[in-house]
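In the working numbering, the protein residues as written are 179 to 392.
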């Protein structure tokens with residue numbers, strides 16, 4: 179980031195709004211038609227992903243909504259290890275390490291002209307989520323082709339999620355759904371729930387083995 183100099187800083191007054199920030203940024207560009215990549219701060223992506231964006235978008239024809247791989251809680255996944263491995267070694271696509279986040283629509287590649295013509299984000303939506311889904315649905319009802327497919331070079335990094343009381347019931351439900359799915363697989367969560375029962379069984383087996391030896 180320190181070596182990246184080709185940027186424009188736009189200061190706004192008011193409460194933080196992801197949708198408004200992205201919308202203002204896209205509309206402020208005055209040069210030729212460009213390919214936009216909307217991305218969150220908790221995302222890891224490769225150069226391969228950027229090439230995939232270019233291949234799956236076309237002005238007036240196609241927009242791209244990749245399905246990213248969402249990382250489970252490393253503290254749970256690697257809880258039986260001596261330490262949590264470095265990030266690069268955590269980014270492995272397996273059912274034990276994460277899941278395909280098919281309910282998320284925040285990561286998208288589309289040309290600025292298509293974004294402007296479709297009307298951009300709905301800035302009346304407040305709080306967590308909603309504006310991404312609304313934009314996606316507008317494209318589904320347009321004449322443009324929406325390309326939606328899993329990609330290997332796009333990861334959602336695990337972080338603790340807070341679902342605040344100010345959210346609408348629908349937003350809160352979406353937030354809690356996301357929070358629950360982010361922690362671990364069903365099997366791993368089941369092992370946590372029955373951890374004490376499993377440990378008691380192992381202790382009993384160990385005691386029986388000792389008794390047989392004596």
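For each residue, glycine too, the CB sits at the ideal point set by N, CA and C.
Here the stretch 187 to 198 makes contact with the stretch 291 to 306; the two share three or more CB pairs at distances below 8 Å. For residue 323, the uninterrupted beta strand (DSSP E) run begins and ends at 323 to 334, by DSSP. The criterion of a C-beta distance shorter than 8 Å is satisfied by residue 289 and residue 213. According to the DSSP secondary-structure assignment, residue 222 is paired through a beta bridge with 333. Listed in chain order, the non-local C-beta contacts of residue 291 below 8 Å within the same chain comprise 211, 237, 238, local neighbours out to five positions each way being set aside. Within the stretch 183 to 221, the complete beta strand (DSSP E) segments of 3 residues or longer fall at 213 to 216, listed in chain order. In the three-state reduction of the DSSP assignment, residue 317 falls in the helix class, which pools H, G and I.
The distance from the Cβ of residue 250 to that of residue 362 is about 5 Å, consistent with a contact at the 8 Å cut-off. DSSP lists 278, 333 as the bridge partner or partners of residue 247.
In chain order, 245, 278 place their CB closer than 7 Å to the CB of residue 328, counting only its own chain and leaving out the 5 sequence neighbours on each side. Note on geometry: alpha-carbon atoms of residue 255 and residue 337 lie some 14 Å from one another. Burial check for residue 334: the Cβ neighbour count within 10 Å reaches 16 or more, so the residue is buried.
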